[in-house]
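S.K.: Please find one structure pasted underneath; my questions will follow.
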Amino acid sequence: MVQLHDARRPPPSVLSTYVDALVAFSPAKEGFITQKKKYIGVGSAYLVGRVYRVLKQPLFQINWLDSQFQNNVETLNLSTVQRGKANYRSLHGRSTGVGWGRLCAVGDGEEVHDDDADTLDQFMESFEPLVELPISLAEVEAIKSIRFEPENQCDAPQDLYQHADGSTKTRLRPEFKHVF
């Protein structure tokens, strides 16, 4: 089947395919970053950002994923964005090479307990965090550096609002009766 182009709507630009792409740059290696005082504390670490807009033809705007730098918007040309995409791919690895994801994976000699929670011992003690956690919106907003990972997701609890029988009445699950 051959699709005809809709004359009312122009075809998407090749440049628009770069929107939402993730890029990574090291300030030690990039001239556009080392010239700016706002990135002085980064050192040789990589800054990861997302292309969020195409400006005039060869220019793109980047937002950084680290909250410490999220207010710093950079305008970059196509070749710099392509280099940033390559940096990001090399950091996070490909199927044929070692990347950051594989470097962070649990090693063969390390012990990981992913068994059923019933097989683990239970200890009843209150948790005392080393750092006091923020309890208000103002305290959370005052945090200088939070990293936003766009691909991260949490699975929603499956039994929060409705039970298997369709009722929504609150009840104690049998496996937790020993706690109460």
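8 is the number of the first residue of the sequence shown in the working numbering; add one for each residue after it.
The beta carbon of each residue, even a glycine, is placed where N, CA and C say it ideally should be.
Computed from a prediction, not measured in an experiment: that's the story for all the values here.
1. Which of the three DSSP states, helix, strand or coil, is assigned to Ser-23?
2. Looking at the secondary structure, which residues open and close the alpha helix (DSSP H) in which Leu-98 lies?
3. Can the beta-carbon of Asn-70 be found less than 9 Å from the beta-carbon of Tyr-53?
4. Nearest-angstrom Cα distance between Glu-132 and Ile-142?
5. Can you tell me the Cα-Cα spacing of Asp-115 and Arg-57, whole angstroms?
6. When the Cα of Val-61 is compared with those of Gln-75, Asp-27, Ala-35, which residue comes out closest?
7. Tell me, please, which residues DSSP counts as bridged to Leu-54.
8. May I ask you to report which of helix, strand or coil DSSP gives Val-49?
9. Taking its Cβ as the centre, do 16 or more other Cβ atoms sit within 10 Å of Ala-31, making it buried, or is it exposed?
10. Across which residues does DSSP place Phe-67 in a beta bridge pair?
11. Can you tell which of Pro-136, Arg-90, Ser-51 has the C-alpha that lies nearest to the C-alpha of Tyr-25?
12. Opposite Asp-73 in the DSSP bridges: which residues?
13. Quick one, are the C-beta atoms of Val-55 and Leu-22 less than 9 Å apart?
14. Label Val-147 either buried or exposed according to how many other C-beta atoms from any shown protein chain fall within 10 Å of its C-beta, with 16 as the threshold for buried.
15. Which residues mark the beginning and the end of the alpha helix (DSSP H) in which Arg-148 is found?
16. Return helix, strand or coil for Pro-136, following the three-state DSSP convention.
17. Can a CB atom of chain C be found closer than 9 Å to the CB of Gln-77?
M.R.: So, from the data block:
1. helix
2. 85 to 99
3. no
4. 21 Å
5. 34 Å
6. Asp-27
7. Phe-32
8. coil
9. buried
10. Val-61, Leu-83
11. Arg-90
12. Arg-154
13. no
14. exposed
15. Before going further, note that residue 148 is Glu rather than Arg in the sequence given. Residues 144 to 148.
16. coil
17. Checking the listed chains, one finds no chain C in this structure; it contains a single protein chain.
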